[in-house]
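Before any comments, here is the structure.
2 protein chains.
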Amino acid sequence: MKKRRVKLEDIARKLNISIATVSRALDESPRVKPSTREKVFRMAKAMGYMPNQIAKSLSSGKTNLIGVIIPRYDESFFIEVCRGIDHYVSKHNYKILISSSRTSFESEQENLSFFEKGLVDGIILCPSHETETFSHIRSIINKGIPTVLFDNIKEEVSGADHVLIDDNKASFSAVEYFIKKGKKKIVFIGGIKDKKVFQDRYSGYLEAMKKYNIPIDEDLILHCNSLDREEEDLEISKYFKNLKKRPDAVFTVTDNYGMMSMKILTKLNYNIPKDVEVIGFGDLGVGKVFVPSLTCVAQPSFEMGQKSAELLIDQLKDESDEKHKKRVITLETKIVFRESTGD
Amino acid sequence: MKKRRVKLEDIARKLNISIATVSRALDESPRVKPSTREKVFRMAKAMGYMPNQIAKSLSSGKTNLIGVIIPRYDESFFIEVCRGIDHYVSKHNYKILISSSRTSFESEQENLSFFEKGLVDGIILCPSHETETFSHIRSIINKGIPTVLFDNIKEEVSGADHVLIDDNKASFSAVEYFIKKGKKKIVFIGGIKDKKVFQDRYSGYLEAMKKYNIPIDEDLILHCNSLDREEEDLEISKYFKNLKKRPDAVFTVTDNYGMMSMKILTKLNYNIPKDVEVIGFGDLGVGKVFVPSLTCVAQPSFEMGQKSAELLIDQLKDESDEKHKKRVITLETKIVFRESTGD
DNA sequence: TACAATAATACAAACGTTTGTATTTTGTAA
DNA sequence: TTACAAAATACAAACGTTTGTATTATTGTA
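Chains as they are written, first to last, in my numbering: chain H, 1 to 343; chain R, 1001 to 1343.
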C-alpha cells in the first residue's frame, strides 16, 4: 500500500513548469500569474498533493512545534496547563509535543535531549521534583533554544522565563482564614519534602501560625511521603486514627489529601464543617462534586499554561537576541469557598 | 543568542575527513576504523554536536513520531489511553504527538491533515462524536499511513485496526447484576445520543431488562444532553427531584453521572446502598475516593492505549504491505465493586 | 518595429543527513 | 619490490522544500 507521495516535482512535470513556480503558486506569491496559479491549484488538488512538513522545516529552520515536558500525565494540574499552552499556541500556528519525565531526573534529561535534536522551536518545562541541578536546562538555553519554566522551580535559571504561583502566600492566606475564624488546632497535611511547591506551602503554614502567635504543635503536622494514591490513603487514614487531639481545621497541600482527610474524618464521626473545616489545594474539578464539596486554594493552571505559552511565543518572535533578559511571572491564587468551610 | 548548530560538516572539517565518514562513525558503522571513530566521538562531544532530527527524517523517511488524536484533554479516560500508548511506543523509540479535536469534526479533519503532512509515521485516533462520515480517515489510510482507531467507532473503516470495548455487553452485565439482586426499578442515566458508546450502553440496558422481562419504564430513563459539567449537574439533579417513583438502583453511563446521582440522592434522603444502589462507568480514580465509593464498570483505558500502540507498531514494522487486512480487538471490561452496591 | 521595462518563469543552491559507489590507503604474499 | 585483495575513506546523489538570481516572455511606447 506504501504509495509514493505526490511532490512539487510531480505537479511541475505534469504542467511542464518548474518546481519553483509550483512552490510559489501554492504560496500565492504575486510572482506567478493568476492563470498559472489556478492551474497549479487544480492540479495539486487533483493529484492529492500534501506538502511535506519535514522538508519545509529543514528548509525553513522552523518546525512550528513546541516541546512540553511535564512530570506526569495523571495529574490534572499538568493536563490543564497543557490545555492552556495548546490554547494559546494554536492561535499562532504551533502544535505541542508533550512528554512526561515520569518525575525522574534522568528521563527529564532524555526528553530535553530529544527536543534538542531540532524537533521543536521552543520548550516549556516543569522540572521534576527529583531535579536538583539545572545544567541540562542551561545547556539548552545556551544553544539558543527559547525556554520557559513553570511551577516547582527550585532555582532560577538565567535566560529562561519563569511562571509560578506564590505557594507560600497562597498557603498563608488559607491558614490565616482559619485563624481569623478562631481555629486554633489546625492540622497541616503536607507532601514529599523535595518538591519546592510543598516546601513553600509548608512555610506558608508556619508563617501564618507564627504571625498570630499560635504555637506549632508537631502532632498536628503530617508530611505524606507516598507517591501512590493507595499509600497516601493509608498514611492519612492512619494519621487521623492515631491522632489524640481533636483538630478544628485541616489544611492540606493537595485536593486529594483534602478529600482523603474528609473521608476519614467523617468515618471518625467528625461533622464537616461543624466540628472541623477543611481546605485543600488545587481545584481541579473533583473537589467540587465531593460531598461535602471541598473549599480550596485554586491554582490558575490553565492560565499558567497560557502565560507560559505567551512568554515562549514572545521569545520565538523576538529574533533580536536576548533583548529581554528573563521574566518571572507570579500568578494570583484565590480561595474558592465551598461546603467544607461552611460556605 | 541564536547560535549556529554544530553539524557533521563542522566535525568533518576539523578532523579533515569526509562528512560520510563522520556520519558512519557516529553510527558505529564497521566501515570506519576504531581509531577514527574514537576521534569523531571525542570531537563531536567537544563541539557539542547534536544530530538534526529533521534532516534525519527527511533523509530516512521516518520521523519516529506517532500522532494521537483524542476528542478532549479534560477526560481522564483519554489521558489514560495516551499514557498506555506512550508506555508502549516509547519502548520502540517512538514519541507521541497528542492533538485534541475538541470534539469537533472540523478540528478532527484539521488535525488529520496536519499529520498527513508527513510529520508522523502513524496515527492513533478516537473519532469525535460529531464525526459521521469517515472519508477523511479513509483518505489517510489510502495514502498508506498506518492508522488505528479506538473507542467510539460508529463505522468500521477498512484498512485500519480497531480497538474497542463491548459497551453493550458491559452495560448489560451491570444491569443484570442489579436484576439478579432483585432490583426492579432501575434508573438509566445515559449520555448524548450521537456518541456510539452511549448508544451501546443504552442498548445493553434495554437488552438486560428485556431478557428478564422487566418492562421498560420511560420515567426511569434520562439521556443527559449537556456537554458541560455544571449543566449535567443541574440536569441530573432536576431529574431526580422531579422523579415521582422511588428507584432501587441507578446505572449511569459515566462515573461522573454516578457521583452526581449519589450526591443528589443523598440530599433527597436516600441511603446508598440500602435504599438505592448505584453503578457507574469508567473507573478513573475519582469514584474510589467518593463517599460512598462508587461501584462501576471498569474500562481498561491504559490497556486500550497499549493495545492500540501495539497494533500500530505492528503495521509500522510490517513493510510487507497490507498483509494483515484489518484487526478488531475487543477488550474485556469488569465490574469493580465498592460501597455504592454494598460491597 | 524595435527597445526598454516589467512580468513570468526557470535555474540552482541550500537546509543536514544517509547511503551506494568510487577511490584511495593499507597490509600481505609472491 | 610488486601486485592484489581488503579495509578505510571520499564523492555525490537523494530526501522535498524554499528562495535569490538569472533568464525568457510579454507588454507598452516611441
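Don't be surprised by glycine CBs; every beta carbon is placed ideally from N, CA and C.
- The alpha-carbon separation between R/Ile-1145 and H/Arg-338 amounts to approximately 50 Å.
- DSSP places H/His-162 in the strand class (E or B) of the three-state scheme.
- For the pair H/Ala-309 and H/Gly-84, the Cα-to-Cα distance works out to about 8 Å.
- Interface residue (Cβ-Cβ distance to chain H less than 8 Å): R/Met-1304 is not classified as such.
- Leaving aside the five residues that flank R/Phe-1240 on each side, the residues in its chain whose CB is nearer than 8 Å to its CB run, in chain order, Ser-1261, Ile-1264, Leu-1265 and Leu-1268.
- Each of H/Phe-134, H/Ile-98 and H/Tyr-73 was checked against the Cα of R/Lys-1095, and the nearest Cα belongs to H/Ile-98.
- At a cut-off of 8 Å, the C-beta of R/Ala-1055 has a neighbouring C-beta in chain H.
- Interface flag for H/Lys-39 against chain R is unset, since no Cβ pair is found closer than 8 Å.
- Against chain R, a Cβ distance below 8 Å from H/Glu-116 picks out Met-1050.
- Scanning the segment 205–280 of chain H from its first residue to its last, the whole alpha helix (DSSP H) runs of 4-plus residues come out as 229–242 and 255–267.
- For the segment 1098–1130 of chain R, the set of residues with a beta-carbon nearer than 8 Å to any beta-carbon of chain H comprises Ile-1098, Ser-1099, Ser-1100, Ser-1113, Phe-1114, Glu-1116, Lys-1117, Gly-1118 and Leu-1119, in chain order.
- Residue environment analysis places R/Lys-1334 among the exposed positions, since fewer than 16 neighbouring C-beta atoms fall within 10 angstroms of its C-beta.
- The beta carbon of R/Glu-1303 is closer than 8 Å to those of Gly-1084 and Leu-1331 in its chain, skipping five residues each way along the sequence.
- Chain-order list of chain H residues neighbouring R/Asp-1027: empty, with the shortest C-beta distance near 15 Å, by a criterion of under 8 Å.
- At least one beta carbon of chain R lies nearer than 8 Å to the beta carbon of H/Ile-79.
- Between H/Ile-329 and H/Val-163, the CB-CB gap stays under 8 Å.
- Here the segment 112–125 of chain H lies against the segment 1042–1054 of chain R, with 3 or more beta-carbon pairs under 8 Å apart.
- In this structure the segment 1280–1296 of chain R lies against the segment 1241–1257 of chain R, because at least three pairs of beta carbons, one per stretch, are closer than 8 Å.
- Look at the segment 1117–1200 of chain R and you find these whole runs of alpha helix (DSSP H), each 4 residues long or longer: 1135–1142 and 1167–1180.
- For the pair of segments examined, the segment 204–218 of chain H was found to touch the segment 175–184 of chain H: the number of CB pairs separated by less than 8 Å reaches three.
- With distances taken between CA atoms, H/Lys-183 lies nearest to H/Ile-214 out of H/Cys-224, H/Gly-280 and H/Ile-214.
- H/Asp-121 sits close to H/Thr-63, with the two beta carbons spaced by under 8 Å.
- Look at H/Arg-201: its C-beta is not under 8 Å from any C-beta on chain R.
- In this structure H/Asn-168 is buried. Its beta-carbon is surrounded by 16 or more other beta-carbon atoms within 10 angstroms.
- Rounded to whole angstroms, the separation of the alpha carbons of H/Phe-251 and H/Ile-165 is 18 Å.
- Put simply, the CB of H/Met-259 is near chain R, with a gap under 8 Å to one of its CB atoms.
- Residue range 1019–1026 is occupied by the alpha helix (DSSP H) that includes R/Val-1022.
- Within 10 angstroms of the beta-carbon of R/Tyr-1212 lie fewer than 16 other beta-carbons, which makes it exposed.
- In the three-state reduction of the DSSP assignment, R/Lys-1334 falls in the strand class, which pools E and B.
- Going by C-alpha positions, H/Lys-154 is about 16 Å away from H/Gln-109.
- Just measuring C-alpha positions, the residue of R/Ser-1340, R/Thr-1341 and R/Arg-1327 sitting nearest R/Val-1157 is R/Arg-1327.
- The three-state reading of DSSP puts R/Val-1297 in strand, counting E and B together.
- Listed by position along chain R, the residues whose Cβ is nearer than 7 Å to that of H/Phe-290 are Phe-1290.
- Under the Cβ criterion of 8 Å, H/Lys-263 is counted among the residues facing chain R.
- Around R/Ile-1189, the same chain offers Leu-1222, Thr-1252 and Tyr-1257 as residues with beta carbons nearer than 6 Å, after the five sequence neighbours per side are excluded.
- If you check the CB distance, H/Gly-305 and H/Val-81 come in under 8 Å.
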